[in-house]
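Q: Structure below; questions to follow.
Numbering (the UniProt record's numbering), first residue to last: 1 to 495.
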C-alpha cells in the first residue's frame, strides 16, 4: 500500500488486521512525512526510536490476535501531555529541559491500547492562544493556503500543531486539549474533526494545567469514526483525578448508525452575531438543512446568557491560570534565570518568571491575579462564577425540552494569516472563542465537523453541542452531518 500516512484510524486498523500492512510500515510512512514537513513546525520533539519500538510491539500483538482498536496506529501527542522521558514543555520556555518521570493518564491509556507515539506537537504556550503564535518553538503553520496566495495561515490554537499534523497527514490522529475551544477551533480551521468530551470523561492527570475547571482532553482526527475510536481509548475513570467521572465508557464507534430520524436539533438565536460573515451564516443554514433532510427536527432555542460567556470565561480562566502557574518558580524544575551577585529568592522568582513566560501568559496571569485580589474577588471572580451557573442552566433548560443536540458555527471566520491579529488588540483574538467557550463553562461535549470551504478555498466547520455524557449520541449526529456535507478537500502540498 502506498501513502500509508494518508489513511485514517479506521482504514489503517482494518488494513493492519487484514495483514495488508504492518504497524512498522505505517509508522515509517508517518516518520518520513514528518521529516519532510519541518516547514509546518508541527512536531517539536520527534521520537522515532520510541515510535518504531512501539510499532514492533504492536505488530507482535496483532500477530498474537491481541489487538485493541488503536493497536499499531501512529499518532501525535500535544506538548501539554506529560510523557515519560520525553520533553514536555507546554510550549513554554519556563519548562525547558523538563523530562517527566511519569506518563499522563490519557497518553498511557493510548499506549496501553497499542497506539504509537510519533512525537510531541506544537501548541500555544500553556494552551493560552487561538492561533499557535505564543509558542516558545515558534508558530505552527497551517498546511492550507488561500488559493495561490503564499501567506502563512494559522492552524488555530491552542492545539495548532495537532491540527496541522492531522490535516497534513503527518500522523493518523493526534491528542488535543480544549479549555475554551482549543480542539474545536483548530479542527474547524484545518478541515479536521475535533471533539471535546464532557468535563470529567478524560482524566486530566499528567496534563499541564491551564484552567482546571475547564480543561479537557480529546482527539483530533480525519473523520468522525476515527474520533469515536480514539475517544474510546482515551477515556476512563482515573482515581488520580478527583474530577474524573466513574462511568463506563461505551463503544462509541458501535453507536455510529448515521440514523438521526426524530432527533431534535436546536438552533440558538443568540449565536447570530453582528458582523458574522455571510459564508458562516450560509454554512450554518445549510448544516441545519442537511440534518433536517436526514430526518431530524430543527427547532429554534434560546440561550439567553450567551452574551456574557466570553467576559465570564476571560475572568475564570486567567484566575485559575494565575493559581496553577504559581508553581513555575525556577526552584524545582525547568528554566532558572541567571542571578546577579546579591540577588535573593525574590529576585530569582521575578527574573525566572519574566524570562520564562511569554507576553500572552504574563497578560493572563496578571489579569487572573487582579480578579482574585482581595478588593476585586467579589466584583469579578464570584460574579463570573454566578454567570457560569446561569449559562449552564440555559443549556439544562434547553435539553429538558427534549433537544438532543445544538448546531452552531464553530468559528466566526475561516483561518486568518499569521501576524494578522497579534498584539494590536488581544480582545480581537479572544473573539475567536465566541462560539466555543459556553461549552467549557457548562462542561458539555462539543464537536467540530468540517462542512464546507469559503470563497478562498479554506475549510469551515460546524459545531454540535451534546447532552452531558452522551458523546455516543453526539458522535452519531456528527456522523450524519459529515455524511451529508461530504467534505473531502485536502490542502495542496507546498511544504
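Beta carbons: idealized from backbone N, C-alpha and C, even for Gly.
Just to check my reading of the structure: residue 42 and residue 172 have Cβ atoms closer than 8 Å, yes? What is that Cβ distance to the nearest angstrom?
A: Beta-carbon to beta-carbon, residue 42 and residue 172 are separated by about 14 Å, too far to satisfy the 8 Å threshold.
Q: When burial is assigned at 16 or more other CB atoms within 10 Å of the CB, is residue 491 buried or exposed?
A: It counts as buried.
Q: For residue 479, I'd like the list of residues in its chain whose CB is within less than 6 Å of its CB, leaving aside the five on either flank, ordered along the chain.
A: Excluding sequence neighbours, residue 479 sits near 224, 256, 258.
Q: Taking the C-alpha atoms as reference points, what is the distance between residue 92 and residue 45?
A: 13 Å
Q: Kindly confirm or deny that the region 92 to 104 and the region 325 to 333 touch, where touching means at least three C-beta pairs closer than 8 Å.
A: yes
Q: Would you give the residue range spanned by the beta strand (DSSP E) that residue 216 belongs to?
A: 216 to 221
Q: Quick check on this structure: which residue in 220, 373, 252 has the alpha carbon closest to the alpha carbon of residue 473?
A: 252
Q: Kindly list the residues whose CB is nearer than 6 Å to the CB of residue 355, restricted to its own chain and excluding five residues on each side of it in sequence; keep chain order.
A: 337
Q: Would residue 445 and residue 221 be called neighbours here (beta carbons separated by less than 8 Å)?
A: no
Q: Distance check for residue 393 and residue 4, CA to CA, integer angstroms please.
A: 46 Å
Q: Is the distance from the Cβ of residue 70 to the Cβ of residue 37 below 8 Å?
A: No; because the gap between Cβ atoms is not below 8 Å, this pair is not in contact.
Q: Could you check where the beta strand (DSSP E) with residue 361 kicks off and where it finishes?
A: Taken as a continuous stretch (DSSP letters only), residue 361 belongs to no beta strand (DSSP E), being part of the alpha helix (DSSP H) at 359 to 372.
Q: What's the gap between the Cα of residue 335 and the Cα of residue 344?
A: 17 Å
Q: I'd like to confirm the pairing. Which residues does DSSP put opposite residue 81 in its beta bridges?
A: 207
Q: Report all residues from its chain with a CB closer than 8 Å to the CB of residue 475; omit the five preceding and five following residues, and keep chain order.
A: Within the same chain, residue 475 has close Cβ partners 195, 224, 227, 228, 231, 252, 255, 256, 447.
Q: Need the endpoints of the beta strand (DSSP E) that residue 447 sits in, please.
A: 446 to 453
Q: I'd like the span of the alpha helix (DSSP H) that includes residue 289, first residue to last.
A: 278 to 293
Q: Round the Cβ separation of residue 154 and residue 131 to the nearest angstrom and send it over; I've been treating them as touching at under 8 Å.
A: 4 Å
Q: Using a Cβ-Cβ cut-off of 8 Å (strictly less than) and excluding sequence neighbours within five positions of residue 440, which residues of its own chain qualify?
A: Excluding sequence positions up to five before and after residue 440, its CB lies within less than 8 Å of the CB of 178, 179, 180, 181, 196, 199, 214, 216, 313, all in the same chain and listed in chain order.
Q: If you draw a straight line from the C-alpha of residue 403 to the C-alpha of residue 333, how long is it?
A: As the crow flies, the alpha-carbon of residue 403 is around 48 Å from that of residue 333.
Q: Do you know how far the Cα of residue 188 is from the Cα of residue 485?
A: 14 Å
Q: If distances are taken between C-alpha atoms only, which option among 397, 206, 119 comes closest to residue 32?
A: 119
Q: Give me the DSSP bridge partner(s) of residue 406.
A: Listed as beta-bridge partners of residue 406 by DSSP are 266, 465.
Q: Give me whichever residues DSSP pairs with residue 74 in a beta bridge.
A: 116
Q: If you drop the 5 nearest sequence neighbours on each side, which residues of the same chain put their C-beta closer than 8 Å to that of residue 443?
A: 198, 199, 200, 392, 468
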